[in-house]
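Heads up: the structure comes next, in structure tokens.
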Amino acid sequence: MTREITNEGFSPRRDDSEGLRNQVFNPAERQSMLVGDTTNPRELLDRNEALIMEINNHATRIAEAACKTLSGVPTHLQESFMNGISCFNEPHDVVYNAMREQWAAQQSH
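Mapping of the sequence shown onto this note's numbering: residues 139 to 247, in sequence order.
Below you can see the structure in the form of structure tokens.
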């Protein structure tokens with residue numbers, strides 16, 4: 139089951155072929171994940187994997203929106219912006235890295 143974020147909040151969308159890849163959890167689901175059986179290593183691993191996927195998918199959506207906005211300004215300003223924000227981002231910042239990848243892909247087209 140996957141969920142998409144809309145302006146109204148969370149709306150369910152079934153797509154079992156995707157598994158958890160695009161799943162976004164609402165706060166109640168997230169809380170139930172955190173208070174489950176913490177002695178079962180498999181359950182902990184599954185919860186961690188689901189949260190990692192949620193974070194990566196959210197980062198991708200943010201990066202897509204940022205790149206769409208950034209594409210509306212001249213190229214030299216885009217380059218200046220990307221170089222300027224690089225010093226403020228950690229190497230493991232998933233949003234920044236997703237945006238950098240998408241921006242680089244746009245520049246190569």
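Even for Gly, the Cβ is constructed at its ideal location relative to N, Cα and C.
Please read all numbers here as calculations on a predicted model, not as lab measurements.
- Message: Rounded to whole angstroms, what is the Cα-Cα separation between Gln244 and Phe226?
- Response: Each residue's alpha carbon lies about 22 Å from the other.
- Message: Can you check which of these residues, Ala242, Ile200, Arg180, is closest to Thr213 by C-alpha distance?
- Response: Comparing alpha-carbon positions, the option among Ala242, Ile200, Arg180 lying closest to Thr213 turns out to be Ala242.
- Counted within 10 angstroms of its Cβ, other Cβ atoms place Ala236 as buried (16 or more) or exposed: With 16 or more other Cβ atoms within 10 Å, it is buried.
- Spatially closest choice to Asn164 from Arg180, Leu189, Leu183, Glu181, by CA coordinates: Measuring from the Cα of Asn164, the nearest candidate turns out to be Leu189.
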